[in-house]
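*Asks:* Mapping the sequence shown onto my numbering, position 223 (from 1) lands on 1079, and the numbers just tick up by one.
Cβ atoms here follow ideal geometry from the backbone N, Cα and C, with glycine treated the same way.
Would you mind keeping the following structure in view while I ask a few things?
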Amino acid sequence: MAEDLSLSATTIRYAILWGLLHDIATWPLSHTGEAAFSSATETSARKLRRMMITGDNKLHRSLRVYRSLKEMGVDFDVLLALFDKRASSGTGELAHLHNLLHSALTPDTLEGMYRSGRAFGLPVPKPSVFIDSMERDLVSGIRLKRNSSADAIKFWRAKGRIYSHFINKEATVAFESSWSSAIRDSYINIDLSESLLANEKDILRKVAHKPVRPDREVFRYKEPLSYQIADEYHAARKFKDSFALEYLSEVFVKGKS
């Protein structure tokens, strides 16, 4: 996407770093483990990623990437700002990249929903169709092209169905919550680095022999959310014109499920 938008080599470099480091703060068993170990270690994924990037000594040296980034001459303020939705990236290309990475059509969301669609048997536009879906305007920044808006609308509707029909189903939430709770209760005093280096088979072996009861309390890495098209565009198949990326959240809306 960054290359198609003719961003500079420096900005593309930060886009690549964002892609490589976005999911670096991941515990074993993905989001199920994240809820458990984040609670047990009192460390959020956002805080953990920052610790890894800045080389926090509380982490085992194998979990720190600070030295490598420093050798590359990375500006840590710029890099960390790209991960913070509320941070200001000023103006120009880095601001445009920041808007893209925190838009309704983030690269990781496009990929994740496509893979989910394959797993659940629902059609979701391939991430590749969005590579050239954006254009850069000197006044309004990055815009979704009009001829790509139909795919964007299809994608968001598919995302809404995946969450409402599968991820946020009551039985799914209860099952995931019960496992996350069981893992947390089995690793109450675990060290942060140990939690990140834990073997998935060992975790399952430790928890599997215990009775995993349905958890009445929702215990997940984030609360269930719903994804919908704003009423004004509910019946739309495509937009009449290109659309500024920073305003897409007014069309593709999310809220508590």
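1. Taking only three categories from DSSP, how would you classify Ile868?
2. Relative to the alpha-carbon of Arg1017, which residue among Ser1034, Glu1026, Trp883, Phe976 has its alpha-carbon at the smallest distance?
3. Whose C-alpha, out of Ile1059, Glu991, Ser1049, Arg869, is nearest the C-alpha of Leu861?
4. How about Ala1086: is its Cβ closer than 6 Å to a heavy atom in the ligand MN?
5. With C-beta atoms as the reference, is Ala896 less than 7 Å away from Ser1036?
6. Do you know whose CA, among Tyr870, Ala1030, Ala951, lies nearest Val995's CA?
7. Out of Val1063, Leu1060, Leu1052, Ala871, state which residue places its alpha-carbon closest to the alpha-carbon of Ala881.
8. Among Asp933, Lys1078, Ala1038, Phe986, whose alpha-carbon lies nearest the alpha-carbon of Ile1059?
9. Buried or exposed: Ser959, going by 16 or more other Cβ atoms within 10 Å of its Cβ?
10. In whole angstroms, what is the alpha-carbon distance linking Glu1050 and Val1107?
11. Can you find the residues in the same chain that come closer than 7 Å, C-beta to C-beta, to Ile868, ignoring five residues on each side of it along the sequence?
12. From Thr899 to Leu877, what does the alpha carbon distance come to, in whole angstroms?
13. Identify whether Arg920 lies in helix, strand or coil by the three-state DSSP scheme.
14. Helix, strand or coil for Ala891 per DSSP?
15. Does the beta-carbon of Thr888 have 16 or more other beta-carbons within 10 angstroms, so that it is buried, or is it exposed?
16. I'd like the list of long-range same chain contacts for Arg1076, defined as Cβ closer than 8 Å, with 5 residues on each side in sequence excluded.
17. What is the C-beta distance between Ser1005 and Phe1099, in whole angstroms, given that I count them as a contact (C-beta under 8 Å)?
18. Would you tell me roughly how many angstroms separate the C-alpha atoms of Ala1086 and Phe932, rounded to the nearest one?
19. Quickly, what does DSSP pair Ala1100 with across the bridge? List them, please.
20. What are the uninterrupted segments assigned as alpha helix (DSSP H) that are 4 or more residues long and contained completely in the stretch 1017-1060, given in chain order?
21. Please report the residue range of the alpha helix (DSSP H) in which Arg906 lies.
22. Taking DSSP as the reference, what is the three-state secondary structure of Ile1009?
23. Given this structure, state the Cα-to-Cα distance separating Gly875 from Asp988, to the nearest angstrom.
24. Looking only at DSSP bridge pairs, what is Met990 linked to?
25. Ala1064 to Lys1057, Cα distance in whole Å?
26. For Gly948, which three-state DSSP category applies?
*Replies:* Straight from the coordinates:
1. Looking at Ile868 - three-state DSSP - the assignment turns out to be helix.
2. It is Phe976 whose Cα lies nearest to the Cα of Arg1017.
3. Checked all of Ile1059, Glu991, Ser1049, Arg869; the closest Cα to Leu861 is Glu991.
4. This structure does not include the ligand MN; it has no bound ligands of any sort.
5. With contacts defined as CB atoms closer than 7 Å, Ala896 and Ser1036 fail to qualify as a contacting pair.
6. Taking only the C-alpha atoms, the option nearest Val995 is Ala951.
7. Residue Leu1052 holds the alpha-carbon nearest to the alpha-carbon of Ala881 among Val1063, Leu1060, Leu1052, Ala871.
8. Ile1059 has its Cα closest to that of Ala1038, out of Asp933, Lys1078, Ala1038, Phe986.
9. By the neighbour-count criterion, in which 16 or more other beta carbons inside 10 Å mark a residue as buried, Ser959 falls on the buried side.
10. Whole-angstrom Cα-Cα distance: 42 Å.
11. Scanning its chain for C-beta atoms nearer than 7 Å, with the 5 sequence neighbours on each side dropped, one finds around Ile868 the residues Ala858, Glu859, in chain order.
12. Going from the Cα of Thr899 to the Cα of Leu877 covers about 17 Å.
13. Taken through DSSP and simplified to helix, strand or coil, Arg920 comes out as coil.
14. In this structure, DSSP gives Ala891 a helical state, which the three-state scheme calls helix.
15. Thr888 should be labelled buried.
16. His887, Ala891, Val1029, Glu1032, Ser1033, Ser1036.
17. About 7 Å separates the two Cβ atoms, so the contact holds.
18. For Ala1086 and Phe932, the distance between alpha carbons rounds to 37 Å.
19. Beta-bridge analysis with DSSP links Ala1100 to Arg999.
20. Within the stretch 1017-1060, the runs of alpha helix (DSSP H) at least 4 residues long that lie entirely inside it are, in chain order, 1026-1042, 1048-1053.
21. Unbroken alpha helix (DSSP H) run through Arg906: 901-910.
22. Three-state result, Ile1009: helix.
23. Each residue's alpha carbon lies about 18 Å from the other.
24. The partner list for Met990 (beta bridge, DSSP) reads Leu1000.
25. Distance from the CA of Ala1064 to the CA of Lys1057, rounded to the nearest whole angstrom, comes to 10 Å.
26. Coil, per DSSP.
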